[in-house]
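Chains as they are written, first to last, in the numbering used here: chain B, 1 to 148; chain L, 1001 to 1148. Don't be surprised by glycine CBs; every beta carbon is placed ideally from N, CA and C.
2 protein chains.
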Amino acid sequence: MTEKILNINQELDLFRKKVSEKNYRYTPQRDEIAQWIFNEHGHFSAEDIVLQFKNKGKKASQATIYRVIQMMIDMGFLIVHDFDKGQKIYEHTTDHSHHDHFICDKCGKIIEFYDKNLENLKNDIAKRHEFVMDRHSLRIFGTCKNCN
Amino acid sequence: MTEKILNINQELDLFRKKVSEKNYRYTPQRDEIAQWIFNEHGHFSAEDIVLQFKNKGKKASQATIYRVIQMMIDMGFLIVHDFDKGQKIYEHTTDHSHHDHFICDKCGKIIEFYDKNLENLKNDIAKRHEFVMDRHSLRIFGTCKNCN
DNA sequence: CTAGCTGCAAACATTTTGCAGAACA
DNA sequence: TGTTCTGCAAAATGTTTGCAGCTAG
């Protein structure tokens, strides 16, 4: 469970390499979207990218943005979260290792946490049930420190 | 953490009582939808109710079904799950106590599990972070025993 | 050159909503 | 009787897709 810290250029290189390996084409749109995503440390929605591209006059349509997001999920660069906000929330995987989330129902804030014991326990439980775990997501909903 | 086992009539009575308490009206539609839900032991979508009502000639429109579902969530009779299937999945709370889920990416099966240690650990973690936990959801995605 | 990619706009799936008439309390 | 509720249909939301033209390799 070592954590790889990559900078944006290394991440872009890796993406470019994987795109080539799969005989996909490395287009300006894919590059711009990947750059945006690797620059974004945190959670974002597809709409976030669409809007920011519109504002900054960058050239990639909504359709392409959704298509590239799906591509990056398939390639393992992105994961999807669902925080019950009506839209999918993404996060890039190389940003940091697995963590879970508190979601505050009052202010909407999402707080990340990591607990080694919890990870171990999840692994144990999956093993006990002979379930091969690919990914997992624990969401704790409630009220955060500030809102109390 | 004692578990209350209620039969369908007790659940309906409780629903009816809560509806009255809030000065809402107890309409035939609300009754039929609540009956359907309390009879359903497992996960279901709004569409499931809509379709079954159409098939069986029961009288409640889609709009009403969605409205009653929301009402029952607000009142604590229903909880929402999100299993990344593109639609919300519901479950009624009095059915049984809290549990978590394995979701098989191959066959789509959803397997419930409960682990006391896990529940304790979740509580500990929330307390440590001064987060007041209202509800929580652990989803483990991967491949089930049969699909391996 | 040509298969794969893009952008547009339309389709899609699910859920929500405005409004006029119906019906519960 | 007067709110509240219902059903309809339309709107809204978020995402996906068909297709004609563009472009990377």
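Short Cβ contact (8 Å threshold) for residue i with residue j
i         : j         : result
Phe15/B   : Ala34/B   : yes
Ile1125/L : Leu118/B  : yes
Phe38/B   : Glu11/B   : yes
Lys1116/L : Cys1147/L : no
Ile89/B   : Phe102/B  : no
Asp1082/L : Asp48/B   : no
Glu1091/L : Lys1058/L : no
Three-state secondary structure (DSSP) of residue i
i         : result
Ser1097/L : coil
Glu1040/L : coil
Met75/B   : coil
Ser20/B   : helix
Asp1134/L : strand
Cys1147/L : helix
Tyr66/B   : helix
Arg25/B   : coil
Phe1102/L : strand
Glu1003/L : In this prediction, Glu1003/L has a pLDDT of 45, which is less than 50 and means its spatial position is unreliable; what the coordinates show is noted afterwards. The answer is coil: DSSP assigns Glu1003/L none of H, G, I, E or B.
Asn1083/L : According to the sequence provided, residue 1083/L is Phe. The question's Asn does not apply to it. Residue state, collapsed to three classes: coil.
is_contact[residue i, chain B] using C-beta, thresh 8 Å
i         : result
Lys1127/L : no
Leu1118/L : yes
Lys1085/L : no
Ile1140/L : yes
Phe1077/L : no
Ser1137/L : yes
Met1071/L : no
Asp1134/L : yes
Lys1058/L : no
Glu1091/L : no
Asp1115/L : yes
Leu1121/L : yes
Asn1148/L : yes
Test: residue i CB closer than 8 Å to a CB of chain L
i        : result
Ser45/B  : no
Thr143/B : yes
Ser61/B  : no
Asp74/B  : no
Glu112/B : no
Lys18/B  : no
Asp82/B  : yes
Phe53/B  : no
Phe15/B  : no
Glu130/B : yes
Met1/B   : Here the model assigns Met1/B a pLDDT of 37, short of 50, so the residue's position is not dependable and the matter cannot be decided.
Minimum C-alpha distance to residue i - residue among the options
i         : options                                       : result
Glu40/B   : Asn7/B, Cys147/B and Glu130/B                 : Asn7/B
Met72/B   : Tyr24/B, His136/B and Cys144/B                : Tyr24/B
Val1019/L : Glu1091/L, Lys1056/L and Asp1074/L            : Asp1074/L
Cys1104/L : Lys1058/L, Cys1144/L and Gly1057/L            : Cys1144/L
Ala1046/L : Gly1108/L, Val1080/L, Ser1137/L and His1098/L : Val1080/L
Thr1064/L : Asn1009/L, Tyr1026/L and Met1133/L            : Tyr1026/L
Lys17/B   : Phe77/B, Ser61/B, Ile49/B and Tyr66/B         : Phe77/B
Glu130/B  : Phe1141/L, Arg1128/L and Val1132/L            : Phe1141/L
Asp100/B  : Ser61/B, Lys56/B and Ser137/B                 : Ser137/B
Gln1029/L : Tyr1066/L, Arg1135/L, Gln1087/L and Asn1009/L : Tyr1066/L
Residue i beta carbon near the ligand NAP (any heavy atom closer than 7 Å)
i         : result
Asp1100/L : Ligands are entirely absent from the displayed structure, and the ligand NAP is therefore not among its contents.
Taking Cβ-Cβ distances below 7 Å as the criterion, which residues of the region 93 to 108 of chain B are in contact with chain L?
Phe102 and Asp105
Against chain L: residues of the region 27 to 40 of chain B by CB proximity under 8 Å
none
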